[in-house]
Amino acid sequence: MAPSSAPRPSSDGAAFTVRDARPADTDAFMPVIALADPLVPDPFGLARDVLASPPMPPLSHDRSLALVAEDDATGTLIGALLGGPPKWLFTHPGIDRLPLLERLVGRMGMINGMAVHPGHRRRGVAAALIDAAEQRFTRARYGLMTVNHEPALDDFYRHHGYTIGDALLVHLPQQRLIGMTTDNTRMSAKPLHPAVRLADVPGAPHQVITGLVPGASLPADAVFDGTRLRY
876 MAPSSAPRPS SDGAAFTVRD ARPADTDAFM PVIALADPLV PDPFGLARDV
926 LASPPMPPLS HDRSLALVAE DDATGTLIGA LLGGPPKWLF THPGIDRLPL
976 LERLVGRMGM INGMAVHPGH RRRGVAAALI DAAEQRFTRA RYGLMTVNHE
1026 PALDDFYRHH GYTIGDALLV HLPQQRLIGM TTDNTRMSAK PLHPAVRLAD
1076 VPGAPHQVIT GLVPGASLPA DAVFDGTRLR Y
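Residues in the sequence shown are numbered from 876 upward in steps of one, following the numbering used here.
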């Protein structure tokens, strides 16, 4: 049986439940999650394959997480969230060894899309989906949650503990850094484990995420020389 949360009262007094998405939810899930990127036709088309697969740990569908918010009174799907490993990890030139990729994929999660039906917004549904996703990634021993979002959502994600930025810099073993930048959107991050933190490093253009994988823990005297970390 797929895990689910206890019913949660919304701001208008109605209750909803956050639970794992099931194959039977596909037809309702797809138009709701598409609201997260309305200018792109079928922006999360791969979600169909995720929902068609059987439930599997460590998340709802192996390394993917598909959650829905369901109105308790009507059974209507009113919110959807899709998460998993950041896709950029698989193509980044700085991740040149399979063991390193496997470690990062198991430690860094990303909310790929989240949306709430327009008629049910401002009821706490989005907050409940975010909270449930973070709990699931934390239980699966991930160290960091990331999200790529529009600047209009800065306050929402800041309220939920995310550091808002235009790029991610991740500390790797052997004093290396890898980065991911965006043009018109934000790339924000939130540690899920006490060993993971965002550090200010002299010379680095952005805060550095450290402690994510073994052998990558920044000392206090670390500096960035424009090419690599020095310590």
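The beta-carbon is built from N, C-alpha and C at its ideal position, and this holds for glycine as well.
Query: Bridge partners - Phe1099, DSSP secondary structure assignment; Result: Leu1104
Query: Alpha-carbon to alpha-carbon, Ile1039 and Asp1029; Result: 7 Å
Query: Burial state of Val1098 (16 or more Cβ within 10 Å); Result: exposed
Query: Close Cβ partners of Gly1101 (< 7 Å) along its chain, the five nearest in sequence each way excluded; Result: Gly1078
Query: Validate contact between the segment 1039 to 1052 and the segment 1076 to 1096 using beta carbons, cut 8 Å, 3 pairs; Result: yes
Query: Exposure label - Arg1105; buried when at least 16 CB within 10 Å; Result: exposed
Query: For Asp917, three-class secondary structure by DSSP; Result: coil
Query: Span of the alpha helix (DSSP H), counted from its first residue to its last, around Val1000; Result: Val1000 to Arg1014
Query: Those residues which DSSP pairs with His1046 across a bridge; Result: Leu1052
Query: Beta-carbon gap between His1035 and Ile986 smaller than 7 Å; Result: no
Query: Buried or exposed (CB count within 10 angstroms, at least 16 for buried), Leu973; Result: exposed
Query: Residue burial classification, Pro931 (beta-carbon count within 10 angstroms, cutoff 16); Result: Reading off the sequence, residue 931 comes out as Met, not Pro. So Met931 ends up on the exposed side.
Query: First and last residue of the uninterrupted beta strand (DSSP E) at Arg894; Result: Ala890 to Asp895
Query: For Ala944 and Met905, the rounded distance between their alpha carbons; Result: 13 Å
Query: Where the alpha helix (DSSP H) containing Glu974 begins and where it ends; Result: Glu is not the amino acid found at residue 974; the sequence shown has Pro there. It spans Leu973 to Val980 - the alpha helix (DSSP H) in which Pro974 sits, taken as one unbroken run.
Query: Short Cβ contact (7 Å threshold) for Gly1018 with Leu1067; Result: yes
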